[in-house]
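Okay, so here's the structure we're looking at.
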Ligand SMILES: Nc1ncnc2c1ncn2[C@@H]1O[C@H](COP(=O)(O)OP(=O)(O)OP(=O)(O)O)[C@@H](O)[C@H]1O
Ligand SMILES: [Mg+2]
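In this note's numbering, the protein residues as written are 6 to 498.
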């Protein structure tokens, strides 16, 4: 059984008019609709103001003549004011809700040429929202010299994935968003790239809280800032980027800092203070180290997130603030919730979107692009064009991507290493001695804090490694440990 084509179309109270014979010599939208040689129409749902029944009947007769195969169902639809967006949308939404669509057997078209512009906009919105499960059809007079009743038509499918050029455009916009979040650094780590891809999608489509986890220096704060800039660029935010490290919020002032306070609310409250939540209104609040937030502050924050309302310290009336929240932590909040140090209801509120930024050592393939980015950044800040000698570069990368490079403080270490090598490099070129010295510095910084000097065996194992220490004969072990202990002591001084 062939699928039927059904069109929803408003009567053109002006364009469809015409009684005389010459009405067949000019384009009329609804008669034209059923006269498209390549688009047979089975049924027209003709929507019309009740007061235009006469014209509607005329059109039914004309359509019967032009396309006997087409049935027309007249649907009077009272629209006291066809320019009143709310009323028009309501009436058409009711129609869509009550209509017995049969999408298995019928294809639906929605004619957006007749009716007021408000009607046309509402039809478009209902099609886009799939309330009217169909495609749009637009008709117009033919462009040829000779005017015809038929005119011509164009079908518009709002499923944008069908349009290669538009899909490509969206892909480009997404790539730009992702690249923006990565500051243009061409990272290679698949897990990291996927993570940033997802953050991009969520950042431009949702205002739900985001939770960034990850070790210190992994880039949570920096990423939060980029997300803010991206959201602002996409006009999802218009307020400020407000950042606070919750580990610095202590005692009475913690509440005041976050939620504001009135003058005299507590000793030292010499004047009213809006507080960070209100300062972030219409903007973004980045709560770094959220795991350090006190339980009272957590309770207030939860209320503010749920209702957008909270009570400044010392105030009688609640205030309102709407902000995008990003929380950062290098703690395991789930464990903290189990331990009672973090409210599980607040965690549930902020962890809808949770991402763990990997440590630098877990994405060694990204060290090179980040190194070049840092080199460029440090160089530009110093007004120099910093580069490596080829062998020096290879030497540093071998070390930096190797198993010994633990990058304990992640980008802080990388940034500091580039800063130091850039500063110490003869001229603008980082040479091998500079690299070797930097490798030693980093290894010293990453060396596990040594065990207590009188712990002989541990000292030997720490320096020589388990197997070598085990091979030492007892006498040599004591001797060597003593030498090491003395060396260490002198180093410590
Ligand atoms: N992708 C990156 N490339 C280069 N440098 C970076 C990158 N991400 C962060 N940095 C730099 O590394 C340092 C640490 O980054 P950031 O403060 O964002 O880390 P964090 O994860 O918030 O750390 P913490 O847990 O200590 O708050 C900053 O100086 C930042 O500018
Ligand atoms: Mg941070």
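Ideal placement from N, C-alpha and C gives every residue a C-beta, glycine not left out. Values in this document were obtained by computation on a predicted structure and should not be read as measured data.
- Sorting 167, 324 and 308 by C-alpha distance to the C-alpha of residue 355 places 308 at the top.
- Taking C-beta atoms under 8 Å as the contact rule, residue 28 and residue 47 fail to qualify, at a distance of about 24 Å.
- Contact check for residue 124 and residue 87: beta-carbon distance about 6 Å, within the 8 Å limit, so the pair qualifies.
- Residue 197 sits in a helix when the DSSP states are folded into three classes.
- The Cβ neighbour count for residue 116, taken over all protein chains shown within 10 Å, is at least 16; the residue is labelled buried.
- By the Cβ test, the region 279-292 is in contact with the region 324-334, since at least three Cβ pairs between them sit closer than 8 Å.
- A straight-line Cα-Cα distance of about 40 Å links residue 52 and residue 178.
- Under DSSP, the beta-bridge partners assigned to residue 113 are 11.
- The Cβ atoms of residue 39 and residue 71 lie closer than 8 Å to each other.
- Counting along the chain, no beta strand (DSSP E) covers residue 132; the unbroken alpha helix (DSSP H) around it starts and ends at 122-133.
- Distance from residue 357 to residue 218 at the Cβ level is roughly 14 Å; contact not present, criterion being Cβ atoms closer than 8 Å.
- Around the beta-carbon of residue 431, fewer than 16 other beta-carbon atoms lie within 10 Å, marking it exposed.
- Around the Cβ of residue 160, a 10 Å sphere holds fewer than 16 other Cβ atoms; the residue is exposed.
- The alpha-carbon of residue 79 is positioned some 6 Å away from that of residue 50.
- Using a cutoff of 7 Å, the CB of residue 366 does not count as near ligand 1, since none of the ligand's heavy atoms is closer than that.
- Judged by their CB atoms, residue 222 and residue 375 are not nearer to each other than the 8 Å cut-off.
- Taking a cut-off of 8 Å for Cβ pairs, the region 304-323 and the region 250-269 touch, as three or more such pairs fall below it.
- DSSP places residue 287 in the coil class of the three-state scheme, outside both helix and strand.
- Using a Cβ-Cβ distance cut-off of 8 Å, the region 192-205 and the region 146-155 are not in contact, since fewer than three pairs of beta carbons, one from each stretch, lie closer than that value.
- Distance between residue 444 and residue 381, taken at the CA atoms: about 20 Å.
- Nearest in C-alpha terms to residue 279, of all of 262, 41 and 273, is 262.
- Rounded to whole angstroms, residue 32 and residue 55 show a C-alpha spacing of 24 Å.
- The beta carbon of residue 325 is closer than 6 Å to those of 313 and 314 in its chain, skipping five residues each way along the sequence.
- A distance filter of 6 Å between CB atoms and the heavy atoms of ligand 2 selects the following residues in sequence order: 225, 226, 293 and 333.
- Under the 8 Å Cβ criterion, the region 129-143 counts as touching the region 102-120, having at least three qualifying pairs.
- By the beta-carbon neighbour count (other beta carbons within 10 angstroms, threshold 16), residue 470 is exposed.
- The three-state secondary structure of residue 246, taken from DSSP, is strand.
- Residue 205 holds the alpha-carbon nearest to the alpha-carbon of residue 235 among 105, 361 and 205.
- Residue pairing from DSSP leaves residue 147 without any beta-bridge partner.
- Taking the C-beta atoms as reference points, residue 60 is found nearer than 8 Å to residue 22.
- For residue 354, the secondary structure class from DSSP, reduced to helix, strand or coil, is helix.
- Secondary structure note for residue 98: its alpha helix (DSSP H) is the uninterrupted segment 90-103.
- Across the set 103, 361, 383 and 306, the C-alpha of 383 shows the shortest separation from the C-alpha of residue 422.
- In the structure shown, residue 381 adopts helical secondary structure according to DSSP, grouped into three states.
- Inclusion of residue 221 in the 7 Å shell around ligand 1 follows from its C-beta lying nearer than that to a non-hydrogen atom of the ligand.
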